[in-house]
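Chemist: If you scroll down you'll find the structure; I have some questions about it.
Protein chains: 2
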Amino acid sequence: MNSFTEENYLKAIFHLSAEDGIVVSTNKISETINTTAASVTDMLKKLAEKKLISYIKYQGATLTQSGRQVAAAIVRKHRLWEVFLVDKLGFKWDEVHEIAEELEHINSEELINRLDHFLGLPSNDPHGDPIPDSQGNINQKKLLKVSKLIPGQQGSISGVSEHSSVFLQFLEKSGLTLGANLTIKDVMPFDGSVTLLINDLKEITISREVAKNILVMI
Amino acid sequence: MNSFTEENYLKAIFHLSAEDGIVVSTNKISETINTTAASVTDMLKKLAEKKLISYIKYQGATLTQSGRQVAAAIVRKHRLWEVFLVDKLGFKWDEVHEIAEELEHINSEELINRLDHFLGLPSNDPHGDPIPDSQGNINQKKLLKVSKLIPGQQGSISGVSEHSSVFLQFLEKSGLTLGANLTIKDVMPFDGSVTLLINDLKEITISREVAKNILVMI
DNA sequence: TACAATTTTTAGGTTAGTCTAAATTAAATT
DNA sequence: AATTTAATTTAGACTAACCTAAAAATTGTA
Chain A
735 MNSFTEENYL
745 KAIFHLSAED
755 GIVVSTNKIS
765 ETINTTAASV
775 TDMLKKLAEK
785 KLISYIKYQG
795 ATLTQSGRQV
805 AAAIVRKHRL
815 WEVFLVDKLG
825 FKWDEVHEIA
835 EELEHINSEE
845 LINRLDHFLG
855 LPSNDPHGDP
865 IPDSQGNINQ
875 KKLLKVSKLI
885 PGQQGSISGV
895 SEHSSVFLQF
905 LEKSGLTLGA
915 NLTIKDVMPF
925 DGSVTLLIND
935 LKEITISREV
945 AKNILVMI
Chain U
735 MNSFTEENYL
745 KAIFHLSAED
755 GIVVSTNKIS
765 ETINTTAASV
775 TDMLKKLAEK
785 KLISYIKYQG
795 ATLTQSGRQV
805 AAAIVRKHRL
815 WEVFLVDKLG
825 FKWDEVHEIA
835 EELEHINSEE
845 LINRLDHFLG
855 LPSNDPHGDP
865 IPDSQGNINQ
875 KKLLKVSKLI
885 PGQQGSISGV
895 SEHSSVFLQF
905 LEKSGLTLGA
915 NLTIKDVMPF
925 DGSVTLLIND
935 LKEITISREV
945 AKNILVMI
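Taken in sequence, the protein lines are chains A and U. The first sequence lines up with residues 735 to 952 when you count with my numbering. The second sequence lines up with residues 735 to 952 when you count with my numbering.
Pasting the structure below:
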């Protein structure tokens, strides 16, 4: 069994390598997990010892097969609990991340598989993220950041890559909810702000930073 | 916020003082929590420092008002989650204790209150134990141990004071489930075994040890 | 009441996870 | 290529929670 803390490191590496390539740097981990680089180094040694990551000094870490499986299981639990919180308990999508951060560490396969069925075997969480299956496989539909689109392109919001309450509340307020159809009208060369049309109805301008965290399917 | 470990100590003191009076001894705690007496002493000092218990050297500990409130909140969570596991996910009553031991440490009042409503504001958990309300008050219906009854007395099973899987499975197998009506037929003077009639149908003899852990309402 | 047995505490040590500050390595810049 | 800057690791120390062994206090018993 891995500790709560070890699980959080594995999860961080999992998320970072999905985004940024394969090898994950000490500093990136320390930022996402909110510790010092020194602490991360210690933990990377420990995880490498347990064969959950491969680690090369001064380079960084990558998940091994078994590490990736452990990480995927945690992500699976996180996302299933989020569905539970929203669908069954009536929480809003911006309220569930923190609670799921705790629930994801509950240890019982039986529990998670029963929960999965109880929820109707959902394939995505309330933010559009895919839920890994019990083997740890993720149904990888390729999503694009809105910041990568050019004027004229269309897409429907299928996910977000930032789960903070403030961000999600802003999206909600602006009508940028899961499933909304977007048409890119303009991209400011100066700062990358994007002007777009939501559901052929409402025009809105968002910063590049916001655009980077909205994911669409085209 | 109290640590996972602190919460477990408070819960242990809570359960022990409910059963055995008010002052709880170091050794009793070390038995229920499965640590050494030395470790318990350390923790008692710490909890006393935090004003969650009052502690007198060589005597023992009692919960303060605030300690009792914290403990009751944990028990509330434990029991609500057990209801969830049985009623919503279809677990059996002997399968839920372990999982609830983990779930009880999840920190969110909002979550628990929503869960409470989702479950229909239950007043008892699957073992018949009363669920404290959000203020920490317990609806104390007085339950009697079957071992205290004498021939001729009747009662209906309303709770158990032992939650291990083996014990609960034995009860299940013997027809001693929540709600069953018992009539005491005989009590062996030699070893305290109790012969009783279940629902006016089936006669069975149980050991004194078993009888002590079945609670009835008369 | 005195001694033995039991319970509890103290003393000192361990491990996991964290930190700061200093040293080392790698990357970037001139 | 040499040097500066940035990233990373090492060294040493801290805290929470635990342990064993020895000392102290309490309880039980003769």
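Idealized CB from N, CA, C, for every residue including glycine.
Locate the beta strand (DSSP E) running through A/G956, then write down its first and last residues.
Modeler: As shown, chain A starts at 735 and ends at 952. That puts residue 956 of chain A outside it, with no answer to give.
Chemist: How would you label A/G755, buried or exposed, when you count the other beta carbons within 10 angstroms and need 16 or more for buried?
Modeler: Note on A/G755: pLDDT 47, under 50, position unreliable in the model; the coordinate value appears next. With fewer than 16 other Cβ atoms within 10 Å, it is exposed.
Chemist: Is there a C-beta anywhere in chain A that falls below 7 Å from the one on U/S848?
Modeler: Ser is not the amino acid found at residue 848 of chain U; the sequence shown has Arg there. Output row for U/R848: interface = yes.
Chemist: Consider the Cβ of U/I808: report whether some Cβ of chain A lies at a distance smaller than 7 Å.
Modeler: So no, U/I808 is outside the interface.
Chemist: Just checking: is the beta-carbon of U/E741 within a distance shorter than 7 Å of some beta-carbon in chain A?
Modeler: Judged by the 7 Å Cβ criterion, U/E741 is not in contact with chain A.
Chemist: Can you tell me whether A/H861 is buried or exposed? The criterion is at least 16 other CB atoms within 10 Å of its CB, across all chains shown.
Modeler: Per the 10 Å Cβ criterion, buried.
Chemist: Measuring only the C-alpha atoms, how far is A/L931 from A/K946?
Modeler: Distance between the alpha carbons of A/L931 and A/K946: 17 Å.
Chemist: So A/S842 packs on U/I833, CB below 8 Å; how close in whole Å?
Modeler: Confirmed, about 5 Å.
Chemist: Should A/P885 and A/A806 be called a contact, given that it needs their Cβ atoms to be closer than 7 Å?
Modeler: No, the Cβ-Cβ distance between A/P885 and A/A806 is not below 7 Å.
Chemist: From U/E765 to U/M922, what distance separates their C-alpha atoms?
Modeler: Distance between the alpha carbons of U/E765 and U/M922: 30 Å.
Chemist: Give the DSSP-derived three-state secondary structure of U/V809 in the structure shown.
Modeler: The answer is helix: DSSP assigns U/V809 an H, G or I state.
Chemist: With a threshold of 7 Å between beta-carbons, can U/F852 be considered close to chain A, or not?
Modeler: Yes, because at least one Cβ of chain A sits closer than 7 Å to the Cβ of U/F852.
Chemist: Who are the Cβ neighbours of A/A771 in its own chain at under 8 Å, not counting the five residues just before and after it?
Modeler: If we look at A/A771 and ignore the five residues flanking it on each side, its Cβ neighbours are T760, N761, S764.
Chemist: Would you mind telling me which residues of chain A sit closer than 9 Å to U/I840, beta carbon to beta carbon, in chain order?
Modeler: Going along chain A in sequence order, the residues near U/I840 (Cβ under 9 Å) are I833, E836, L837, I840.
Chemist: How many whole angstroms separate the CB atoms of U/I808 and U/E896, which I take to be in contact at a CB cut-off of 8 Å?
Modeler: That belief does not hold up - the Cβ atoms of U/I808 and U/E896 are roughly 19 Å apart, past 8 Å.
Chemist: Measure the CB-CB distance between U/E836 and A/I846 and report whether it falls below 7 Å.
Modeler: Their beta carbons are not under 7 Å apart, which means U/E836 does not touch A/I846 by this criterion.
Chemist: Rounded to whole angstroms, what's the CA-CA distance from A/K875 to A/D863? Just pull it up for me.
Modeler: When rounded, the distance between both Cα atoms is 10 Å.
Chemist: Below 7 Å between beta carbons: does that hold for U/I949 and U/S890?
Modeler: Reading off the sequence shown, one finds Leu at residue 949 of chain U, where the question assumed Ile. Against a cut-off of 7 Å, the Cβ pair of U/S890 and U/L949 comes out as no contact.
Chemist: Name the residue from U/L910, U/L786, U/L819, U/G913 whose alpha carbon lies nearest to the alpha carbon of U/Q803.
Modeler: The shortest C-alpha separation from U/Q803 is found at U/L786.
Chemist: Am I right that U/S751 and U/L797 are in contact with their C-beta atoms under 8 Å? What's the rounded C-beta distance?
Modeler: That belief holds up - the Cβ atoms of U/S751 and U/L797 are roughly 7 Å apart, short of 8 Å.
Chemist: Can you name the residues of chain A whose CB is closer than 7 Å to the CB of U/K822?
Modeler: Result: F852.
Chemist: Keeping to the same chain, check which residues put their C-beta closer than 7 Å to that of U/D859; ignore five residues upstream and five downstream.
Modeler: Cβ within range, chain order: R813, E816, V817, I865.
Chemist: Look at the alpha carbon of U/D907 and the alpha carbon of U/S898, and state the distance between them as a whole number of angstroms.
Modeler: For the record, residue 907 of chain U in the displayed sequence is Lys; it is not Asp. Each residue's Cα considered, the two are about 14 Å apart.
Chemist: Taking its Cβ as the centre, do 16 or more other Cβ atoms sit within 10 Å of U/E829, making it buried, or is it exposed?
Modeler: With 16 or more other Cβ atoms within 10 Å, it is buried.
Chemist: Where do the N-terminal and C-terminal ends of the alpha helix (DSSP H) with A/A795 fall, by residue?
Modeler: Element bounds for A/A795: not the alpha helix (DSSP H) but the beta strand (DSSP E), 794 to 797.
Chemist: Quick check: is the beta carbon of A/L845 nearer than 7 Å to any beta carbon in chain U?
Modeler: Yes - at least one Cβ of chain U is within 7 Å of the one on A/L845.
Chemist: Using three-state DSSP, classify A/D776 as helix, strand or coil.
Modeler: In this structure, A/D776 counts as helix in the three-state DSSP scheme.
Chemist: Nearest-angstrom Cα distance between A/T939 and A/I918?
Modeler: Approximately 10 Å between the Cα atoms of the pair.
Chemist: Taking the continuous beta strand (DSSP E) assigned at U/Q888, which residues delimit it?
Modeler: Unbroken beta strand (DSSP E) run through U/Q888: 888 to 894.
Chemist: Looking at the structure shown, is A/I940 part of a helix, part of a strand, or coil, going by DSSP?
Modeler: Residue state, collapsed to three classes: strand.
Chemist: Within the same chain, show all residues whose beta-carbon is closer than 6 Å to that of U/E937, passing over the 5 residues directly before and after it, in chain order.
Modeler: Closer than 6 Å at the Cβ level, and outside the excluded window around U/E937, lie L931.
Chemist: In the DSSP assignment, what are the bridge partners of U/T929?
Modeler: Partner(s): U/D920, U/T939.
Chemist: Are U/V758 and U/I767 closer than 7 Å when you measure CB to CB?
Modeler: Taking 7 Å as the Cβ cut-off, U/V758 and U/I767 do not qualify as a contacting pair.
Chemist: Where do the ends of the beta strand (DSSP E) carrying A/S842 lie?
Modeler: Careful: A/S842 lies outside any beta strand (DSSP E) and carries neither H nor E.
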